[in-house]
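Per my numbering, the sequence shown starts with residue 2, numbered consecutively. Where a beta carbon is used, it is the ideal one built from N, C-alpha and C, also for glycine. Following: one structure in C-alpha cells, then a few remarks.
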Amino acid sequence: MKTRPLGKTGIDLPILAFGASSLGAEFRSITLDEAMQSTRTAIDLGMNFIDTSPYYGRGMSEIMLGLGLKDIPREKYLLGTKLGRYSNTHFDFSAKRVEESVHVSLHRMGTDYLDVILLHDVEFVPLPQIWEETIPAVLKLKEQGKVRAVGFSCYPLKTFNTVLDHVEDVIDCVLSYNRYTLQNTTFADDLLPRLAAKNIGAMNAGPFSARLLTNAELPAWLKETEQVKAAARAAAKLCESRGVDIAQLALQFSCEHPGLATTVAGSANPANIRKWAEWLEQPIDRELLADVLAIFAPVKNSGHLEGLPENN
C-alpha cells in the first residue's frame, strides 16, 4: 500500500490505517478470532499502522490488539494509542496519569514503545492544562524512547488552533476525525496550511463519518443535522444507481489527499478490510464524485459541537 511521511517524524504511514476501536466492541460484540483475524488481515494488506485508545472498549481494544499482535514481529507494524480519555465522562490529563496510562497501554499490547501517542479529545477539559502539564509529561516519555511521535486529537477547529498556539513547535502530529470527508473538508481547508508550515503530520480519521457515508443504518447518537443526513441518503442513492457503494467513494476521496499522511478506518470484519484495500486499487469515478459533492454543497462543512462550550 502507498505510504506518506508523517511530518518530520521519519515515520511513513500507509494511506489507509487500521482503526482498532471496533476491537473494543464499540459497535457490536466480537469474538477473539475476529479481532485477531482483522488485525492480521490489515497488516498483511499493508495497513500496518494501527490506531487505538484505552477509551475504546475501556481497555478491551488494547487487550485484544495485544493478543492479535502476539506472534507478529514488532517491526512489521506501527502502533499508536492515546491517553487522557477513559470513558464518556472520565478525562484525566494530569502528568501522573500520562506515565501510568502509557505504562498500562504498553503492557496490554505487549510492546516496549509506541510509534505515536495522542492526547485524546482534549476539547473536553480546560485547555491550559494540555500545554502546561500534559504535553511536557509526554515529551519526557519521548526522551526516554517510550514514544516516537507526540500529538493530540480533537474535533473543534477552535481547539486545534488554541492548542497549536502553544505547542506547534514541540509536537509532531495531530489527528482529526470526520473533518475530511465527502461532506466536510475543514481539516484540509482550514488547518492543513498551518500544519504544513510547521511540518506537523496530519492524520485523518472517520472517512465514513460515523456511518453517515455508508449504506448502514445511522446510529442513534449521530450528531449531524437532519439536513446533513438527508443529503447523505440522497448521495448514497445516487451512488447505488451508478453501481457504486457510497462507502467506496468516501474512502477513495479521504485517502487521496496528498497532505494527509493517513486516513484511519476501523472494522472487526476481515472481509471489510479486504474490500477497502480493493477499493483503493480502483480509480475514483470523477463524474460521480462531482455529482455527490454537488448534493452535499448546501450542507458542506456543517458540523456539530463537541466538548466544553468554550472550546468550540
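> Which ranges does the alpha helix (DSSP H) cover as unbroken runs of at least 4 residues, wholly within the stretch 112–175, from first to last along the chain?
Replying inline: 136–144, 158–168
> For Met65, which residues of its own chain have a beta-carbon under 6 Å away from its beta-carbon, when the five flanking residues on both sides are left out?
Replying inline: Leu24, Ala36
> Are the beta-carbon atoms of Leu294 and Ala150 separated by less than 8 Å?
Replying inline: no
>> Taking the straight line between their C-alpha atoms, what separation do you get for Leu213 and Ala197?
In response: 29 Å
>> Does the stretch 69–82 come into contact with the stretch 44–54, if we say contact requires no fewer than three beta-carbon pairs (one atom in each stretch) closer than 8 Å?
In response: yes
> Hey, Ser30 and Arg59 are a contact pair by Cβ (cut 8 Å); roughly how many whole angstroms apart?
Replying inline: In fact, because the Cβ distance is near 15 Å, the residues do not count as touching under 8 Å.
> If you draw a straight line from the C-alpha of Gly202 to the C-alpha of Thr264, how long is it?
Replying inline: 12 Å
> In terms of alpha-carbon separation, which member of Leu261, Leu183, Thr187 lies closest to Gln249?
Replying inline: Leu183
>> Relative to the C-alpha of Pro137, which candidate in Lys301, Leu119, Glu124 has its C-alpha closest?
In response: Leu119
> Which whole-angstrom value describes the C-beta separation of Ala21 and Tyr57, a residue pair presumed to lie in contact below a C-beta threshold of 8 Å?
Replying inline: 7 Å
>> Please identify the residue among Cys240, Ala266, Gly244, Val123 whose C-alpha is closest to the C-alpha of Leu252.
In response: Ala266
> Does any C-beta atom of chain C lie closer than 8 Å to the C-beta of Asn216?
Replying inline: Here chain C cannot be found, since the structure has a single protein chain.
> Out of curiosity, what's the CA-to-CA distance linking Gly244 and Leu142?
Replying inline: 50 Å
>> Taking DSSP's pairing of strands, which residues face Pro55 in a bridge?
In response: According to DSSP, Pro55 bridges with nothing at all.
> Among the residues of its own chain, which have a CB less than 8 Å from the CB of Pro157, if the five just before and after it don't count?
Replying inline: Glu124, Leu306, Glu307, Gly308, Asn312, Asn313
> How many angstroms separate the CA atom of Gly85 from the CA atom of Thr160?
Replying inline: 16 Å
> Taking DSSP as the reference, what is the three-state secondary structure of Asp1?
Replying inline: The first residue shown for the chain is 2 and the last is 313, placing residue 1 beyond what the model contains.
>> Rounding to the nearest angstrom, what Cα-Cα distance links His258 and Asn205 in this structure?
In response: 10 Å
>> Taking the alpha-carbon of Leu239 as reference, which of Phe94, Asn216, Arg5 has the nearest alpha-carbon?
In response: Asn216
>> I'd like the span of the alpha helix (DSSP H) that includes Lys97, first residue to last.
In response: 96–110
> Looking at C-alpha atoms only, which residue of Ala278, Ser95, Arg41 is the closest neighbour of Val139?
Replying inline: Ser95
>> Relative to the C-alpha of Lys3, which candidate in Gly47, Glu100, Pro299, Phe153 has its C-alpha closest?
In response: Gly47
>> Along the chain, where does the alpha helix (DSSP H) containing Lys230 start, and where does it finish?
In response: 227–242
>> Between His104, Pro271, Ile296, Cys174, which has its C-alpha nearest Cys155's C-alpha?
In response: Cys174
>> Quick check: Ala236 and Ile296, are their CB atoms within less than 8 Å of each other?
In response: yes
> Between the C-alpha atoms of Pro74 and Thr10, what's the straight-line distance to the nearest angstrom?
Replying inline: 22 Å
> Using the beta-carbon count (16 or more within 10 Å), is Val229 buried or exposed?
Replying inline: buried
> Taking just the CA atoms, how far does Arg98 sit from Val105?
Replying inline: 10 Å
> By the 10 Å Cβ neighbour count, where 16 or more other Cβ atoms means buried, how is Asp116 classified, buried or exposed?
Replying inline: buried
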